[in-house]
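Chemist: I have a structure here, written as structure tokens, and I will follow up with some questions on it.
Protein chains in written order, with this note's numbering: chain A, 1 to 329; chain V, 330 to 829.
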């Protein structure tokens, strides 16, 4: 086969690959629109959107880490810890709300940065380092709040602007704006900046990247720190959605965030993936959640099917990789 | 000598092709019962390939193998074992957390129903060791033993297959001290007297005289000669090893102008594998680093480019003491390293050609904070043309390119960086003659641009053709420095071979 035709063939294959996840999303939506009860409505669309806020931000953040070939298990508890931190500053220390809200992403950033140091400098395996950090953040939130559930302002209380600015203004889902902004920023950083390019290079071959003169440690720390920062911003959206932040919870969120990333086609082996995929993965998860409940199935069914979808996505990815490796120029 | 005329193995007319390389061409080798038959040749002469054919790791593309007089087909390691052929590789393959007995019988454990019968196995192992006069305890953990003893475990394991009559030892003395070598030799002689045929691969000329009965010399994948050790001078062996037809014209004189400034100087570099190495590199010079595999050449270069941490020693770049602690420091100081193992250390296989090429200096491909992909692409296209990288597009993943083209991508990424000093580690390994010449040409054009090059090579003609000066290393030590005017293959070989 000539080089030209090979190239065209493989280009076509790639296009089909890219279309697979969106196609699944559309098919799922249509399926639930037909069979679900009251699924096909703007109300449900909004529910889908709103359930994606905080998971979405975590997923964007961890996409960077996963592409470097790492993992961050602490994102769920880090998010909750950051939300608790803001609540403590606001209600226990009496800080003005805006200032307390500034503390939230900073908390997320701090723990992400610590993860980065542990992985890049202390050379701990990411799984171990972030597993430890998962417990640290969970415990830290409980300690700082004296195990008190933290309440954020809601409609009808003082500082009710918090709800309208970060969640919903009338019937307009303001939170979606932040999700969109976070997506655009994450996508830009990953695909268009030097840092983003190094993230791919590190995930593809860390040692070759280091020998090319790239300060790999620095960029790995940045990846974990940025992941933490996204968790911190996710914490604000979590607080605006649910109003309360309960210390000692948050573990389990990471599984959904990671699942969304994987469904979006990012390889756990590192070196490949993109933010568009992650965004689609997030919505596949959100549609699944809303759709299953419209069929009258409870939350545990959602858990079950999420697992099925994750395994299916990774299986397909494996087949794709094997097929791709057969193509030699 | 307890040498008999019984032929254990006879290989004739062996052919082996790899993509772009004719690795074995009409090679023959004969092993008799009760002899130590040494197999010698330079790196890349085809010794290992031949042994891999005999042990079923590679399949021959032509020729015949007879074992005990019968033609045989050896398709895998199991076949070889069944025919009584065992090999002890240069790198030991032991499981460090297991005992001697467990290592010897791995995969063939003594069972008692569903359970391991450790007692029986330990006894069997101990009996086996005792029968071989090997002074080891079967229940000891392998990880805590010296390398010499670990090697004996490997040999015991190789001989534990019931009918082993052909034992291949690949550079067995490389990690051993003098006393340990003596012990090994005593053991080998004992085996020989029991009628085992031993194929002995070594670079150490002195040893051959002591231990071998016959010597077969290979060169460039071809059979040269088989001689009786007792009737042959070692100088003749060396001459046979290197005395190929020189198809590449060696340099007759250094091309470095008089008084060219020193661009890189290393002083007393030390690490675990490198012992007190010093040399300097002048502007416009190609400095060849010669030595056998494992001589510490790559290790020295990895210290120079900050890939490994040195224990002591200084690096001067253009006369200034420079603290090169990471590869990033080295690249900033203008030193680039092109690894011999491009897949592990040179390339991001999952990224595109363009992104690999841009990796060494992404800073210069930015517009504000954003990466200027259009400029990366045009630069990549420029190098695709200049270095002749055969790839459908520059967006193609490097993984799908051939070896030679991957090497050209590595070259391009360092050309983009525009380093003043480039270290080429075996730049033409596994590359066909045509691509080799292109790489030589490129190196010369770099020199014309005022760059300087350190070139590690295990191929003598390549060293003599390209270098202005040659530093020779052996076992982590710099053993000599030869100007191109005085350098010959024999002189280099004499400096590179360990003295025993």
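Backbone N, C-alpha and C define an ideal beta-carbon position, used for all residues, glycine too.
Using only alpha-carbon positions, find the residue among V:641, V:689, V:684, V:384 that is nearest to residue 663 (chain V).
Modeler: Here residue 663 (chain V) refers to the residue found at position 334 when the second chain is read from its first residue. Closest by alpha carbon: V:689.
Chemist: Taking just the CA atoms, how far does residue 173 (chain A) sit from residue 46 (chain A)?
Modeler: As a working mapping, residue 46 (chain A) is identified with position 46 in the first chain. As a working mapping, residue 173 (chain A) is identified with position 173 in the first chain. Distance between the alpha carbons of residue 46 (chain A) and residue 173 (chain A): 7 Å.
Chemist: If you check the beta carbons only, do residue 240 (chain A) and residue 165 (chain A) fall under 9 Å apart?
Modeler: Position 240 of the first chain, counted from the start, is the residue given in the question as residue 240 (chain A). Position 165 of the first chain, counted from the start, is the residue given in the question as residue 165 (chain A). Contact flag set, yes.
Chemist: Rank V:399, V:465, V:421, V:416 by C-alpha distance to the C-alpha of residue 430 (chain V) and give the top, closest one.
Modeler: Working through the second chain from its first residue, we reach residue 430 (chain V) at position 101. Of the listed residues, the one whose Cα sits closest to residue 430 (chain V) is V:465.
Chemist: Where does the unbroken alpha helix (DSSP H) through residue 81 (chain A) begin, and where does it stop?
Modeler: As a position in the first chain, residue 81 (chain A) is number 81, starting the count at 1. Segment 75-87, the alpha helix (DSSP H) holding residue 81 (chain A).
Chemist: Please identify the residue among A:288, A:245, A:161 whose C-alpha is closest to the C-alpha of residue 301 (chain A).
Modeler: Taking the first chain and counting its residues from 1, the one referred to as residue 301 (chain A) is at position 301. Of A:288, A:245, A:161, the residue nearest in Cα terms is A:288.
Chemist: Scan the stretch 206-233 of chain A for residues whose Cβ lies nearer than 8 Å to a Cβ of chain V and list them as they occur along the chain.
Modeler: Here the close residues are 207, 208, 209, 210, 211, 212, 213, 214, 215.
Chemist: Starting from residue 795 (chain V), trace the beta strand (DSSP E) in both directions and tell me its first and last residue.
Modeler: Position 466 of the second chain, counting from 1, holds the residue named residue 795 (chain V). No beta strand (DSSP E) holds residue 795 (chain V); the alpha helix (DSSP H) holding it covers 789-795.
Chemist: In the structure shown, what three-state DSSP assignment does residue 639 (chain V) receive?
Modeler: The residue labelled residue 639 (chain V) in the question sits at position 310 within the second chain. Note: residue 639 (chain V) maps to coil in three-state DSSP.
Chemist: Under 9 Å between the Cβ atoms of residue 643 (chain V) and residue 612 (chain V)?
Modeler: For the purposes of this step, residue 643 (chain V) is taken as the residue at position 314 of the second chain. For the purposes of this step, residue 612 (chain V) is taken as the residue at position 283 of the second chain. Their beta carbons are not under 9 Å apart, which means residue 643 (chain V) does not touch residue 612 (chain V) by this criterion.
Chemist: Judging by CA-CA distance, which residue of V:786, V:822, V:695 is the nearest neighbour of residue 195 (chain A)?
Modeler: As a first step, residue 195 (chain A) is located in the first chain; it is residue number 195 there, counting from the start. Comparing Cα positions, the closest option is V:695.
Chemist: Output the residue ranges of the beta strand (DSSP E) runs that lie fully inside the stretch 598-661 of chain V and measure 3 residues or longer, sorted by chain position.
Modeler: Listed in chain order, the complete beta strand (DSSP E) runs (minimum 3 residues) inside the stretch 598-661 of chain V are 606-611, 615-619, 641-646.
Chemist: Considering only their Cβ atoms, is the gap separating residue 677 (chain V) from residue 727 (chain V) smaller than 9 Å?
Modeler: Indexing the second chain from 1 puts residue 727 (chain V) at position 398. Indexing the second chain from 1 puts residue 677 (chain V) at position 348. In contact: residue 727 (chain V) and residue 677 (chain V) (Cβ atoms closer than 9 Å).
Chemist: Is residue 685 (chain V) buried or exposed, if buried means 16 or more other CB atoms sit within 10 Å of its CB?
Modeler: Reading the second chain from its first residue, position 356 is the one you call residue 685 (chain V). Residue 685 (chain V) comes out buried.
Chemist: If you reduce the DSSP assignment to three classes, tell me which class residue 138 (chain A) lands in.
Modeler: As a first step, residue 138 (chain A) is located in the first chain; it is residue number 138 there, counting from the start. Helix at residue 138 (chain A).
Chemist: So if I threshold CB-CB distances at 9 Å, which residues from the stretch 411-432 of chain V count as touching chain A?
Modeler: Answer set for the stretch 411-432 of chain V: empty.
Chemist: How long is the line joining the alpha carbons of residue 407 (chain V) and residue 386 (chain V), rounded to whole angstroms?
Modeler: Mapped onto the second chain, residue 407 (chain V) falls at position 78. Mapped onto the second chain, residue 386 (chain V) falls at position 57. The straight-line gap from Cα to Cα measures roughly 10 Å.
Chemist: For a contact meaning CB atoms closer than 9 Å, what does residue 742 (chain V) contact in chain B?
Modeler: Note that chain B does not occur in the displayed structure, where the protein chains are A and V.
Chemist: Nearest-angstrom Cα distance between residue 265 (chain A) and residue 441 (chain V)?
Modeler: By 1-based counting over the first chain, the position of residue 265 (chain A) is 265. By 1-based counting over the second chain, the position of residue 441 (chain V) is 112. Going by the C-alpha atoms only, they are around 49 Å apart.
Chemist: Residues of chain V with CB under 8 Å from residue 271 (chain A), in chain order?
Modeler: The count along the first chain starts at 1 and reaches residue 271 (chain A) at position 271. Ordered by position in chain V, the residues that pass the 8 Å Cβ test against residue 271 (chain A) are 677, 679, 680.
Chemist: Within its chain, find whatever has a CB closer than 7 Å to the CB of residue 587 (chain V); leave out the 5 residues flanking it on each side and keep chain order.
Modeler: Residue 587 (chain V) sits at position 258 when you count from the first residue of the second chain. Hits under 7 Å: none found.
Chemist: Counting along the chain, where does the beta strand (DSSP E) carrying residue 395 (chain V) start and finish?
Modeler: Here residue 395 (chain V) corresponds to residue number 66 of the second chain, with the count starting at 1. Start and end: 391-396.
Chemist: Find out if the Cβ-Cβ distance for the pair residue 492 (chain V), residue 428 (chain V) is shorter than 9 Å.
Modeler: On the second chain, position 163 is the one that residue 492 (chain V) refers to. On the second chain, position 99 is the one that residue 428 (chain V) refers to. It is not a contact, given that the beta carbons lie outside the stated cut-off.
Chemist: Excluding the 5 residues flanking residue 451 (chain V) on each side, which residues of the same chain have their C-beta closer than 6 Å to its C-beta?
Modeler: By one-based count along the second chain, residue 451 (chain V) stands at place 122. Taken in chain order, the residues that qualify are 430, 467, 468.
Chemist: CA-CA distance, residue 748 (chain V) and residue 792 (chain V)?
Modeler: For the purposes of this step, residue 748 (chain V) is taken as the residue at position 419 of the second chain. For the purposes of this step, residue 792 (chain V) is taken as the residue at position 463 of the second chain. Going from the Cα of residue 748 (chain V) to the Cα of residue 792 (chain V) covers about 22 Å.
Chemist: What is the DSSP secondary structure of residue 356 (chain V), counted as helix, strand or coil?
Modeler: Looking up residue 356 (chain V) in the second chain gives position 27. If DSSP states are grouped into helix, strand and coil, residue 356 (chain V) belongs with the strands.
Chemist: Could you pull out every residue in the same chain whose Cβ sits closer than 6 Å to the Cβ of residue 20 (chain A), ignoring the five residues on either side in sequence?
Modeler: For the purposes of this step, residue 20 (chain A) is identified with residue 20 of the first chain, where counting begins at 1. Same-chain partners within the cutoff: there are none.
Chemist: Once the 5 residues before and after residue 479 (chain V) are set aside, which same chain residues still bring their CB inside 7 Å of it?
Modeler: If you number the second chain from 1, residue 479 (chain V) lands on position 150. Same-chain partners within the cutoff: 421, 423, 471.
Chemist: Please compile the residues from chain A whose C-beta is within a distance smaller than 9 Å of the C-beta of residue 666 (chain V).
Modeler: Residue mapping note: residue 666 (chain V) aligns to position 337 of the second chain, counting from 1. The contacting residues are 211.
Chemist: Secondary structure at residue 245 (chain A), three-state DSSP: helix, strand or coil?
Modeler: Residue 245 (chain A) sits at position 245 when you count from the first residue of the first chain. Looking at residue 245 (chain A) - three-state DSSP - the assignment turns out to be strand.
Chemist: Using a threshold of 9 Å, state whether the C-beta atoms of residue 227 (chain A) and residue 64 (chain A) are closer than that.
Modeler: The residue you call residue 227 (chain A) lines up with position 227 of the first chain. The residue you call residue 64 (chain A) lines up with position 64 of the first chain. Yes, the Cβ-Cβ distance between residue 227 (chain A) and residue 64 (chain A) is below 9 Å.
Chemist: In angstroms, rounded to a whole number, what distance separates the CA positions of residue 91 (chain A) and residue 111 (chain A)?
Modeler: Locating residue 91 (chain A) in the first chain gives position 91, where the first residue counts as 1. Locating residue 111 (chain A) in the first chain gives position 111, where the first residue counts as 1. If you take the alpha carbons of residue 91 (chain A) and residue 111 (chain A), they lie about 22 Å apart.
Chemist: Can you list the residues of chain A that residue 695 (chain V) reaches, using a CB-CB cut of under 9 Å?
Modeler: As a first step, residue 695 (chain V) is located in the second chain; it is residue number 366 there, counting from the start. Chain A residues near residue 695 (chain V): 193, 194.
Chemist: Below 6 Å CB to CB, which residues in the same chain sit around residue 409 (chain V) once its five sequence neighbours on both sides are set aside?
Modeler: By one-based count along the second chain, residue 409 (chain V) stands at place 80. Answer for residue 409 (chain V): 384, 385, 403, listed in chain order.
Chemist: Which residues in the same chain as residue 331 (chain V) place their Cβ atom closer than 7 Å to its Cβ, once the five residues preceding and following it in sequence are excluded?
Modeler: Taking the second chain and counting its residues from 1, one reaches residue 331 (chain V) at position 2. Low confidence applies here, because residue 331 (chain V) scores a pLDDT of 44, under 50, leaving its location unreliable; read the following figure in that light. Only 363, 521, 522 meet the Cβ criterion.
Chemist: So, is the C-beta of residue 146 (chain A) closer than 9 Å to a C-beta in chain V?
Modeler: Within the first chain, numbered from 1, the residue matching residue 146 (chain A) stands at position 146. No, residue 146 (chain A) lies away from the interface with chain V (no Cβ there is under 9 Å from its Cβ).
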